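Working notes, structure below.
Okay, structure coming up:
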């Protein structure tokens with residue numbers, strides 16, 4: 001199995017609070033992605049990274065920011081959480097741009 | 113831009129019956145196509161992929177999919193369902209070139225297998 005660790009795995013927070021989710025990989029893969037999964041929507045790309053300090057927006061990036069200061073870590077930050085950001089968040093990694101991704105086990109976030 | 117449509121959010125079959133999960137795609141460039149599977153409370157894992165080689169692609173656990181350009185389809189099949197196949201299945205597409213491997217997913221199909 002690909003070495004991907006997401007933390008925290010579960011979090012409950014209140015509207016308006018900042019939240020940071022961490023994705024840590026031990027595979028030295030270049031590409032990293034953050035997706036959110038919601039019923040009826042499949043997975044939607046939030047942000048992605050194609051190298052250290054190289055990041056870009058996905059299709060649902062509003063309200064989210066990311067940082068990648070090291071190859072192994074990709075952080076997703078919700079500056080001020082809203083109830084619409086209640087979701088399951090998945091980190092994924094890839095060593096190429098072919099779309100063959102390895103996924104973490106997910107982080108379930110509930111915003112009250 | 114590319115998109116994926118999975119027909120049927122839920123599919124139910126009996127153990128031993130044929131599994132058919134439908135996927136249609138839209139892409140302005142030759143696509144790479146994927147099926148991923150998600151078991152309860154887990155992340156997704158790759159089932160199979162089409163990357164412009166053979167149009168009939170074989171994956172893990174006895175699944176296969178056929179790329180049909182004329183129908184813009186990439187349906188997933190398995191001749192005989194097993195109880196362990198119960199999961200959610202996602203079809204996904206990525207454009208080639210400088211797409212950075214960004215996948216666009218379908219809405220998902222939950223497969224239920226009855227004894």
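Residue numbers (our numbering), protein chains in the order written: chain A, 1 to 112; chain B, 113 to 227.
From the three backbone atoms N, C-alpha and C, an ideal C-beta is built for every residue, glycine too.
Note that the structure is predicted; figures quoted are calculated from it, not measured.
The segment 211-220 of chain B makes no contact with the segment 165-183 of chain B: fewer than 3 CB pairs, one atom from each, lie closer than 8 Å.
A distance below 8 Å separates the beta carbons of residue 73/A and residue 22/A. The C-beta of residue 19/A has 16 or more other C-beta atoms within 10 Å across all chains shown, which makes the residue buried.
Selection 205/B, 176/B, 143/B, 182/B evaluated against residue 191/B yields 176/B as nearest (Cα-Cα). Under the three-state reduction of DSSP, residue 65/A is assigned to strand. One finds 219 in chain B with Cβ atoms closer than 7 Å to the Cβ of residue 41/A, taken in chain order.
Contact between residue 99/A and residue 90/A is ruled out by a C-beta separation of about 15 Å, above the 8 Å threshold. Within the segment 153-166 of chain B, 153, 154, 155, 156, 157, 158, 161, 163 place their CB atoms closer than 9 Å to a CB of chain A, listed in sequence order. DSSP places residue 105/A outside any beta strand (DSSP E), giving it a letter other than H or E.
In the structure shown, residue 42/A falls within a strand segment according to DSSP collapsed to helix, strand and coil.
At a cut-off of 8 Å between beta carbons, residue 215/B contacts chain A. Within the model, the alpha-carbon separation for residue 87/A versus residue 43/A is close to 10 Å. Under the 10 Å beta carbon count, residue 56/A is surrounded by fewer than 16 other beta carbons and is classified as exposed.
A check of alpha carbon separations from residue 158/B across 108/A, 112/A, 102/A, 109/A identifies 102/A as the nearest. The beta-carbon of residue 179/B is placed no less than 8 Å from the nearest beta-carbon of chain A. Looking at 195/B, 118/B, 122/B, the one whose alpha-carbon comes closest to that of residue 146/B is 118/B.
In the DSSP assignment, residue 137/B falls within the unbroken beta strand (DSSP E) covering 131-138.
77/A is the residue among 96/A, 9/A, 77/A whose C-alpha sits nearest the C-alpha of residue 63/A.
Residue state for residue 211/B is assigned as coil, using DSSP reduced to three classes. Listed along the chain, the chain A residues whose CB falls inside 7 Å of the CB of residue 115/B amount to none; the nearest CB is some 11 Å away. Residue 92/A: member of the beta strand (DSSP E) spanning 87-94, first to last residue. Residues of the segment 85-98 of chain A with a Cβ closer than 9 Å to any Cβ of chain B, in chain order: 90, 91, 92, 94, 96, 97, 98. Chain-order list of chain B residues neighbouring residue 104/A: 155, by C-beta distance under 9 Å. At a cut-off of 8 Å between C-beta atoms, residue 48/A counts as an interface residue with respect to chain B.
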